Structures are given as C-alpha cells and as structure tokens.
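Colleague: Protein chains in written order, with this note's numbering: chain A, 58 to 509; chain B, -9 to 72.
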Amino acid sequence: MEKQRYERPIIRRLNTGVMNKFGTKTEYEPVTHIDDCAVKDLIADYGSPLFVISQKTIHETYQAANRAFNTRYPKVQFAWSYKTNYINAVCNVYHKLGSWAEVVSGFEYLKALKNGVPGSKIIFNGPDKTVEELKLAMENKSLIHIDHLDELYTLTELCEETGIRPKVAIRVNMDTGIYPMWDRFGFNYENGQAWDAINKIVLSDRMDLVGLHAHIGTFMLTANAYGVAAKKLSELALSIKNKYDKKIQYIDMGGGFASTNTLKGSFLSGTDTSPSFDDYAEAISTAIMNAGFVEDELPLLILETGRAMIDEAGSLLGSVISNKRLSDGRKATIMDFGVNILFTSFWYDHKISPAQEFSHHTEDSVMYGPLCMNIDVVRENVTLPPLKRGDQVVVHTVGAYNMTQWMQFIALRPAVVMIDLEGKPHLIRKRETLDNIDQQEQMPAYLKEFKL
Amino acid sequence: MISLKKNIAISESGFVFNPTTGDSFSLNSVGTDILKLLKDGKNEKEVKTTVIDRYDVDGETFDKDYYDFLKMLGQYKLLDAS
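(1) Please go through the segment 211 to 291 of chain A and give each complete alpha helix (DSSP H) segment of 4 or more residues, from N-terminal end onward.
(2) Rounded to the nearest angstrom, what separates alanine 365/A and isoleucine 115/A at their Cα positions?
(3) Of the residues Arg241/A, Phe394/A, Ile398/A, Ile359/A, which one's Cα is nearest the Cα of valine 379/A?
(4) Counting only beta-carbon separations shorter than 8 Å, does tyrosine 63/A have a partner in chain B?
(5) Nearest by alpha-carbon distance to leucine 193/A: which of Pro184/A, Gly173/A, Pro223/A is it?
(6) Enumerate, from N- to C-terminal direction, the unbroken beta strand (DSSP E) stretches of 3 or more residues contained entirely within the segment 361 to 428 of chain A.
(7) According to DSSP, simplified to helix, strand and coil, what is leucine 200/A?
(8) Can you tell me whether valine 474/A sits near the ligand MN, meaning its C-beta is under 7 Å from at least one heavy atom of the ligand?
(9) Can you tell me which residues form a DSSP beta bridge with threonine 440/A?
(10) Give, in chain order, every residue of the segment 383 to 413 of chain A whose Cβ lies closer than 9 Å to some Cβ of chain B.
(11) Per the contact definition of three or more C-beta pairs closer than 8 Å, is the segment 93 to 104 of chain A in contact with the segment 442 to 456 of chain A?
(12) The beta strand (DSSP E) that contains aspartate 309/A, what's its start and end?
(13) Let me see if you follow: with CB-CB separation under 8 Å, is histidine 483/A close to chain B or not?
(14) Please list, in chain order, the chain A residues whose beta carbon lies closer than 7 Å to that of glycine 21/B.
(15) Tell me whether alanine 121/A sits in a helix, a strand or coil according to DSSP, three-state version.
(16) What is the DSSP secondary structure of methionine 475/A, counted as helix, strand or coil?
(17) Is the segment 167 to 178 of chain A in contact with the segment 394 to 407 of chain A, if contact means three or more CB pairs nearer than 8 Å?
(18) Please name the residue in Asn8/B, Gly4/B, Tyr45/B whose C-alpha comes closest to that of leucine 69/B.
(19) Determine the direct distance from the alpha carbon of threonine 390/A to that of glycine 480/A, and round the result to whole angstroms.
(20) Less than 8 Å between the C-beta atoms of lysine 178/A and leucine 358/A, yes or no?
(21) On the DSSP bridge list, what partners appear for valine 6/B?
(22) Grab me the residues of glutamate 489/A's own chain with a C-beta within less than 6 Å of its C-beta, minus the 5 sequence neighbours each way, in chain order.
(23) Which residues in the same chain as lysine 29/B place their Cβ atom closer than 8 Å to its Cβ, once the five residues preceding and following it in sequence are excluded?
(24) For my contact list, arginine 70/A and aspartate 13/B are in at a C-beta cut-off of 8 Å; report their separation, rounded to the angstrom.
(25) Tell me the rounded alpha-carbon separation between aspartate 23/B and leucine 17/B.
(26) Using a beta-carbon distance below 8 Å, is leucine 71/A in contact with chain B?
(27) Just reading off the beta strand (DSSP E) that valine 452/A is part of, what are its end residues?
(28) Would you kindly check if the distance between the Cβ of tyrosine 66/B and the Cβ of isoleucine 432/A is under 8 Å?
(29) Arginine 70/A lies in the beta strand (DSSP E); which residues open and close that run?
(30) Residues of chain B with a CB under 8 Å from the CB of serine 416/A: which are they?
(31) Near glutamate 36/B, which residues of its chain fall below 6 Å by C-beta distance, leaving aside the five closest residues on each side in sequence?
(32) Could you please tell me which residues of the segment 128 to 159 of chain A, in chain order, have their CB closer than 9 Å to any CB of chain B?
(33) Are there 16 or more other CB atoms within 10 angstroms of the CB of phenylalanine 403/A, so buried, or fewer, so exposed?
(34) Cβ of glycine 313/A within 8 Å of Cβ of isoleucine 273/A?
(35) Any Cβ of chain B within less than 8 Å of the Cβ of lysine 60/A?
(36) Between which residues of its own chain and leucine 107/A is the CB-CB distance below 7 Å, once the five residues before and five after are set aside?
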C-alpha cells in the first residue's frame, strides 16, 4: 500500500470570541512555479536562496504605468531609477522599453553609460556629485539636477573653466501635506530658496535651466500629494516663463509610488491600500494641465518611479533550515535567507507562500533568517503550513531595493535569475564566492604567518 | 508512560474537545492519528511504528516532531500528569 504524504503533526487551539471581520490571512496556497519555471528546478539549478526576476511582470507593469500616464498627458518619459535595482540586465530591460536612466551617484552614472545609455538621456540626481563626475556629466550633455548651493557654485566654476553650457534642473522640496516632509534634498519652495537658486542660474547665464524636479517622499499612500507637488512645480515653471521668458522643458515628478507590499503595522494589506498608477497619473496630469500652460508649451513629464515598477517582478526563493519551539510555545522557522539579503523585511510584512502542496492546516510561526544575530527576523508572525527542513518558500514582491541594499554580512549574496518572456531562465548575477570578497583585501606581510 | 486524559473527545475530522477546560483544538491528519493512538493506550514505540507504516516519514524526523507535539499536548493540558 502506498504511504500517505507526511506532514508534521500540529495542534492548534481554536479561539472563540468576536470575529475579525477582515479574517485571518493564511498562506497555504502553494506557489510552485514562477512564469512556468518550477521553483524546485530553479533552486536545484542555481542554489538556495535565489532571487528571481520575471521579465513578463516587468513588461506588464511598465505597460500599465505607461498606459495610465500616456492616456492622460501628451508627453511622458520614464527614467529607470538605478538605485532601485541596478543589476545591468534589469536596467537594460527598462532601457529596451524606452526608459532613460536616473542615477544618484558617480558609480550609478558610469553604470548607465556602460549599459549604453546616451549621456543626454541620463538624469543625474543626488547631493553627492564630485567635480570629476559633474565635468563628465557636462561633457556628456546629461541632465544635471542641482541639489544644493555648493553644487551650483561648483558647477558655475566648471562652466567657466570648460566653456560648456550644461543643461540643468533644480530639485525643489515643498509642503505637499504629507509627513515627514522631505526637505533635506533640493531647494525649498515655500521659503524662497528655490527662487534664489533659479535667479542665480538664470542671471549667471552660464547654464540652461531646462527642468524642475521634485521627489516628495517614498511609498506614498496618497496620490493627492503628487497633485499638490505638480501644481507647485507648474506654477514655478510659469513664473519663470513670465519673469525671464524662459520655457521650462520638463517637469520631473521623481518617484515614491507605492508597490503592493504591506507596510509593517498597517491594518490592511498593501494590495487594498496602495494607489494605482491611474490614481497617481490622474493627480499629476490634472494638476499640470490645469496650471495654465499654452498647449504647445506643456512641459515633458518625467517619472522616475522605481519601486512600483519592479517590486512585483521580483521573488526570493528560499529553503527551511530548521524548526524550533520558543520558550513561550511559539513555533519558529529558520530560513536560509535573512535581513542580510532581504533588507525590505525591516519595512514590510512580505507575503510568503510555500512552494509545495500542504493540507489546509496552518500554524502561527516566527520566521527567522540564518544569521547569528538577534535582528534577523523576516516575519514576526506568519501563518503557514507546517514546513519542515528542506521545504521551499517563495517571498513575493521583493524586486525593489533588495538587490541593491543587500549586505555581504555573515553569508555570501545569492545568484539572481531573470525569466525571459518565453519562460526561459537566465543567470544575470552569479552567486558570490569567497574569492570575490577576498580580492578586495590586502594582508600586510608581518601578519601573514602565525602560530597557535 | 504518556497517556491522554480519559475524557478528551476526538472527532474523525481532527477536532478535539477538552470538557474539563472547554477548549477546542484542530489537528492535521498525522496529529489526529497520534492522538487516537494515545487514546487507545498505545505506547511511544507502537505510535511510532504505526505512523511510520502509514506515512512517508523516517524514524528520526518522526521522533523530533513527536517530541515537539507531545510538548504542545502537555502545554494544552491534554495529557495525564503521570
């Protein structure tokens, strides 16, 4: 007689009381495949843990964003936010779809150039641009977004020195009714700093002020704040036109659109609370179009959204190392991935699904990572089937920030695979080795030998 | 020897009721089978043999899970104190 499938014995007390009208979320629906690739095959071929990027989901999300904005506004340009995920293959998927590059450091700038992005289609943001980096960006006719007065003065000196007339924008921060107000980047709108910078740029007559840029926050759960920001930038652009007869060519609304992840402490799931691309597009395009631009002077609308573009396309596959019982009776599951590679588990309650069939019985568990550090908690409380050593799981919506903010801490970083539009996996970043880490180190001769 | 409290009621579908405390519990199929075997007075060896015969599991894995399961039964006050 064939034996039945074994599942660790579990007993769960049934609690009676007032019903939770939202129900309890249980994740026992297995996710065995990602874009027709079996999770167990991917892990067998590339190891565990493993990041997987779905090119199909990237395309679908990009098309949804593109449709939302292009149906409401005549001139839209997306720029891929390198800091969100700068694995070259990922960047090139966006460049192939038509995105420019948006970078915030010299390192990212060089990456974009190396990927083949023309200099004139690189937006250079951020507070830290060295003299050499600014010079390179000027020579390449990149769009330099000035963050502070020191940068403006450096740039003015470089204009004199090189004779190049760069294309610049200023980053403007403002009160859009949300907290916290991001006033650490750029020039403030309300207290006149932005006008001060604009006056200095225009009157110096050494650079072309072609754009205005704002980036009002991150994981913005209200689309209206973008409407306020777009209105203020439009008013500024129109005032520049009136005062100096200079047409602002583009308004860059930055990023910060929320993905469908669930923020820690939020009562409802992110899929229910995050605004859609349509919500953001409606708020932004309505504000710009109602601002009073004449039709042929409507500025190009640039969007640098990273997280909302790629989060859903990324999954992290991992395996169970062990189960244990904590002193208070709670079950704990130890996974082979932790906060070292899943940085976003500090912000979100990531949805986690088993990758194999189970019965419908579940248990509450704490999910820990493999690090010998108390902070390594992936989920404080997750309801999952009784996982055993070696069982595999899929962590959803991890495409943004994890493959850039991951740490080489205690363990080596895993491989990254992209599944193409035909469902074929491609290795796009190899698993790190000890040699990768060691090649950066140098041992002084007097420390080479020792006796124990 | 480990024994289940005599008055514990177990249903076919894996529901357990403790009339002393009024608590109800749900179990998966392996858990239900173990509880029934304990109620029938089987000892640890007999429980292990039966479960290993019935399910696709090795002895070492079962021992680990069984020990943890018994701890939970104890915590829920379903076992006799002996």
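Where a beta carbon is used, it is the ideal one built from N, C-alpha and C, also for glycine. This one's a predicted model, so the numbers in the text were calculated from it and none came from an experiment.
Modeller: The relevant details are as follows:
(1) 250 to 261
(2) 10 Å
(3) Reading off the sequence shown, one finds serine at residue 379/A, where the question assumed valine. Residue Phe394/A is the option with its Cα nearest to serine 379/A.
(4) yes
(5) Looking at the Cα atoms, Pro223/A is the closest of the given residues.
(6) Counting only runs of 3 or more, we get 371 to 382, 388 to 392, 409 to 411, 420 to 425.
(7) strand
(8) The ligand MN is absent from the structure shown, which contains no ligand whatsoever.
(9) Asp421/A
(10) Gly386, Lys388
(11) yes
(12) 307 to 309
(13) So, not an interface residue.
(14) Pro66, Ile67, Ile68
(15) helix
(16) strand
(17) no
(18) Asn8/B
(19) 31 Å
(20) Taking the C-beta atoms as reference points, leucine 358/A is found no nearer than 8 Å to lysine 178/A.
(21) Ile0/B, Phe15/B
(22) Leu469, Arg470
(23) Take lysine 29/B, set aside five residues on each side of it, and the residues of its chain with a beta-carbon closer than 8 Å to its own are Leu(-6), Ile(-2), Ile0, in chain order.
(24) 6 Å
(25) 9 Å
(26) yes
(27) Element bounds for valine 452/A: 449 to 453.
(28) Remark: C-beta atoms of isoleucine 432/A and tyrosine 66/B do not approach each other more closely than 8 Å.
(29) 68 to 71
(30) Asn18, Ser19
(31) none
(32) none
(33) exposed
(34) yes
(35) yes
(36) Leu99, Ile100, Leu374, Pro471, Ala472, Val474
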